[in-house]
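Here is the structure we will look at.
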Amino acid sequence: MHQDCLFCKIASGALPAHKIYEDDHILAFLDLHPIRPGHSLVIPKKHYVWFEDLPEKLATRITTCAQKIARAQKIIYQVQRVSMFYTGIHVPHAHAHVVPMHHVHDVTSTAYLLDGIESFSAPPQADAGELADIANIFADQLSN
Ligand SMILES: [Zn+2]
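Converting from the sequence shown to this note's numbering requires adding 14 to each position, the first position being numbered 1.
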């Protein structure tokens, strides 16, 4: 546990949260600043700053929990889709957001808003040669 970490304090029970799931390794609770009602967070109880540092089994456990929450959110809020994402913003303790999507831009990038809130704008198509170069860079990096 990190002394000053808000989510470590919630995981240990030192701070309260509106918990919706808990086991020995992970905890899910409602976000205090929800994008939509039911917006949930799933965290590892052990402190990891970045999601890419989570051990595979722990990352899988978080994703499986988020899937269960998503299925519940679809029933509770009657939404077609649920978004799940890590941003690494606000609290430096890896946390997956699980948000019921009532609107296509509930979770979005400004790149998708060029034609306004009621449209969904595709950013310009990338150059094929540029994409091929980027794919090669990834292939090299990921084979290390
Ligand atoms: Zn922490």
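Virtual Cβ for every residue (Gly too), placed ideally from N, Cα, C.
Nearest residue (CA-CA) to F99, options Q92, A86 and Q81: If you number the sequence shown from 1, residue 99 lands on position 85. Cα-wise, what sits closest to F99 is Q81.
query: Quick one, which of G130, Q92, A149 and A142 has its alpha-carbon nearest G52's?
result: In the sequence shown, the residue the question calls residue 52 occupies position 38. Checking every option, the nearest Cα to that of G52 belongs to Q92.
field: Three-state class that DSSP yields for F134 in the structure shown
entry: The residue you call residue 134 lines up with position 120 of the sequence shown. Correct three-state label for F134: coil.
field: Limits of the alpha helix (DSSP H) - the one that K88 falls within
entry: Numbered from its first residue, the sequence shown carries residue 88 at position 74. Unbroken alpha helix (DSSP H) run through K88: E70 to Y91.
message: For a test of your reading of the model: does the CB of F152 fall under 8 Å from any non-hydrogen atom of ligand 1? Yes or no.
response: For the purposes of this step, residue 152 is taken as the residue at position 138 of the sequence shown. F152 Cβ: outside cutoff for every heavy atom of ligand 1.
field: Burial state of F43 (16 or more Cβ within 10 Å)
entry: As a working mapping, residue 43 is identified with position 29 in the sequence shown. Counting Cβ neighbours within 10 Å, F43 comes out buried, since at least 16 surround it.
- prompt: Of the residues P138, D141, A142 and V118, which one's Cα is nearest the Cα of I131?
  reply: The residue labelled residue 131 in the question sits at position 117 within the sequence shown. Ranking P138, D141, A142 and V118 by Cα distance to I131 puts V118 first.
task: Have a look at H61, R50 and H39 and flag the residue whose alpha-carbon is nearest the alpha-carbon of G77.
output: Taking the sequence shown and counting its residues from 1, one reaches residue 77 at position 63. Per the sequence shown, residue 77 should be read as Thr rather than Gly. Ranking the options by Cα distance to T77, first place goes to H39.
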